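**Q**
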Amino acid sequence: MTAMSGILPPELILEILSWLPVLSLMRFRCVSKTWKFLISDSYLVKLQLERSFRNPHILLLATQGYKNPCFLARLCSLPCLIQNPAPYFCGRTLRCPRPYKYLFGSCNGLLSLHKSLSTKEYEEHWVCFWNPATKNCSKPSPRLRLNFGTGVRNCIHFGFAYDDRKDSYKVVAMVLDPSTRQTNVWVYCMGDVCWRRSLMTSPAFLPLDSNGYSVNSTVNWIGISFQEPKKPNFFSYDLNNDTCRCLSVPEFGSKNSGFPAMGVLNGCLCLSLDIERTMIELFALKDVRDERSWSLLVSISYETLNISPYSYKLRILGMLGDLLLLAYSNWDAYTILITFNLKENKVERTRTYKKKFLNHIFSCHYVPSLLPI
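Numbering-wise (our numbering), the sequence shown opens with residue 1 and increments by one.
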């Protein structure tokens, strides 16, 4: 490195290093103090992150166990997984640092982890941030204490996102109080000394997915508003201005009879709707702040997907070019991963797993990064 720095300007050295994978850069940091200083440069960290987005990965998250559930996180290359939907052969398992068992979000290479404590009078929740590439983990956040009041437990759901205006990473906790039918939104910003209650909404909103989906400095959940209990909506919290909106899903009349599911494809919020147990329609929201920007991505019949009308919880996992990766469960205790070719309107390959491996599967995007914690 010393010889190279005498020949090449620092900007060019950083440009060359930015094309290397994070794991290689982490090894090079151990060579000398000069290498460690150079690879810790904020410009290199930012440039390397931008390059990492060209090689998409996803985290497959699945619950294991029933009495004491924990989450299994499997890191997979999206191109590899779509070509061969077999996580055991094209990915590696990420084991959360103790004592955390629940991973609920990914953003720019950082993962957010959750732990809780419950008594008869209250429950406490705290989070931390983990970079598996650098193996660094933050200290636990302050605890968010929720009192039961009338004895009815709260329903709490988490989301993790990056606030681009304030250059900060934030955890959003949506807390439903069943006794008052109100939803409180609490926000924790990395490095803060406490949680901040951002707002309170009424009527309440009940998410159908535990984890919020992050798009363009917003966290979004699909669910049911107590104001319109017969129609699914999605709840969107905007980190830029600490506001929330309850937005409508695409118009589909009264035909929807299944489980609506949300996902993120190519930076857009996506929604899958089950139409009378015969069709799956996938919609994309071009602008997450404009509910008029919904567009139909594809409509696929159960017959084309070769799935039973008794299947449930179809989920959007990822997309690469014309290839779409989907997952669903059936009543025979199996989870099936499907690669579907949108251009040719056909299933290319499937893979079946016992639910003890992939139970309640969902996914989030991941890019390895050198971001410090």
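All C-beta atoms, glycine included, are put in the ideal place defined by N, C-alpha and C. Only a predicted model underlies this, so the values are computations on that prediction, with no experimental measurement involved.
Would you grab the beta carbon distance between ILE316 and TYR328 for me? Rounded to a whole angstrom, and I think it's under 8 Å.
**A** No, ILE316 and TYR328 are not in contact; Cβ-Cβ is about 11 Å, not under 8 Å.
**Q** Identify the continuous beta strand (DSSP E) that holds ARG145 and give its terminal residues.
**A** In the DSSP assignment, ARG145 falls within the unbroken beta strand (DSSP E) covering 144-147.
**Q** Does DSSP classify LEU206 as helix, strand or coil?
**A** Under the three-state reduction of DSSP, LEU206 is assigned to strand.
**Q** Taking DSSP's pairing of strands, which residues face PHE234 in a bridge?
**A** ILE222 and LEU247
**Q** Run through DSSP, which three-state label would TRP19 get?
**A** In the structure shown, the three-state DSSP call for TRP19 is coil.
**Q** Check the C-beta distance from VAL367 over to HIS57 and give it rounded, since I have them as a contact under 8 Å.
**A** 6 Å
**Q** My parser needs the beta strand (DSSP E) runs of 3 or more residues fully inside the region 284-341; what are they?
**A** Within the region 284-341, complete beta strand (DSSP E) segments of at least 3 residues are found at 294-301, 312-320, 323-329 and 334-341, given in chain order.
**Q** Does the pairing of the region 194-208 with the region 227-241 give three or more beta-carbon distances under 8 Å?
**A** yes
**Q** Would you kindly work out how many angstroms separate the C-alpha atoms of GLU348 and THR93, rounded to a whole number?
**A** 26 Å
**Q** If I measure Cβ to Cβ from GLY253 and keep anything under 6 Å in the same chain, skipping five residues before and after, which residues do I get?
**A** For GLY253, the predicted structure reports a pLDDT of 44, less than 50, and the residue's modelled location is therefore unreliable. The matter cannot be settled from this model.
**Q** Distance, Cα to Cα, PHE226 vs PHE158?
**A** 20 Å
**Q** Using only the alpha-carbon positions, how far apart do TYR66 and ALA73 sit?
**A** Residue placement at TYR66 is poorly supported in this model, since its pLDDT is 47, which falls under 50; the coordinates are not used for a value here.
**Q** Do the CB positions of SER138 and ILE373 come within less than 8 Å of each other?
**A** Yes.
**Q** Given a cut-off of 8 Å, decide if VAL175 and ALA161 are closer than it, judged by their beta-carbon atoms.
**A** no
**Q** Among residues of its own chain, excluding the 5 on either side of ASN341, which ones have a beta-carbon nearer than 7 Å to its beta-carbon?
**A** Excluding residues within five positions, the ones whose Cβ falls inside 7 Å are ASP322, LEU323 and GLU348.
**Q** Pairing CB atoms from the region 37-51 with CB atoms from the region 6-19, are three or more of them under 8 Å?
**A** yes
**Q** Can you name, in chain order, every residue of its own chain whose Cβ lies under 8 Å from the Cβ of LEU320, other than the five neighbours on each side?
**A** Annotation for LEU320: PRO56, LEU78, PRO79 and ILE82 place their beta carbon closer than 8 Å to its own, counting only its chain and skipping 5 residues before and after.
**Q** Within 7 Å: the Cβ of SER138 and any heavy atom of the ligand NAP?
**A** This structure lacks the ligand NAP; in fact it carries no ligand of any kind.
**Q** Determine the DSSP secondary structure at ARG27, reduced to helix, strand or coil.
**A** helix
**Q** Which class does ILE13 belong to by DSSP, given the choice of helix, strand or coil?
**A** Correct three-state label for ILE13: helix.
**Q** What's the C-alpha gap between THR278 and THR201?
**A** Approximately 36 Å, taken between the alpha carbons.
**Q** Relative to the alpha-carbon of SER400, which residue among LYS346, LEU314, TYR213 and THR243 has its alpha-carbon at the smallest distance?
**A** Because the chain is modelled from 1 through 373, residue 400 falls outside the range shown and cannot be assessed.
**Q** I need the straight-line Cα distance from ARG145 to LEU117, nearest angstrom please.
**A** Each residue's alpha carbon lies about 9 Å from the other.
**Q** How is LYS170 classed by DSSP in three states: helix, strand or coil?
**A** Three-state DSSP puts LYS170 in a strand.
**Q** Return helix, strand or coil for CYS155, following the three-state DSSP convention.
**A** strand
**Q** In chain order, what residues of the same chain lie with their CB nearer than 6 Å to the CB of THR218, ignoring the 5 residues before and after it?
**A** SER236, ASP238 and VAL288
**Q** Distance check for VAL22 and GLU281, CA to CA, integer angstroms please.
**A** 38 Å
**Q** By a C-beta neighbour count over all protein chains shown, 10 Å radius and 16 as the cutoff for buried, is TYR310 buried or exposed?
**A** exposed
**Q** Just the Cα atoms here: how many angstroms apart are ASN84 and GLU291?
**A** Each residue's Cα considered, the two are about 35 Å apart.
**Q** Cutting at 7 Å between CB atoms, please list the residues of its own chain near ASN240, excluding the five before and the five after it.
**A** ASP163, ARG165 and SER217
**Q** Would you mind stating whether ILE224 and MET262 have Cβ atoms separated by less than 8 Å?
**A** no
**Q** What does DSSP give as the partner residue(s) for LYS346 in the beta ladder?
**A** Partner(s): ASN341.
**Q** So TRP130 is in the beta strand (DSSP E); what residue range does that whole segment cover?
**A** 122-131
**Q** Just reading off the alpha helix (DSSP H) that TYR43 is part of, what are its end residues?
**A** TYR43 -> alpha helix (DSSP H) spans 42-52.
**Q** Within the continuous beta strand (DSSP E) that includes CYS107, where are the two ends?
**A** Its beta strand (DSSP E) spans residues 102-107.
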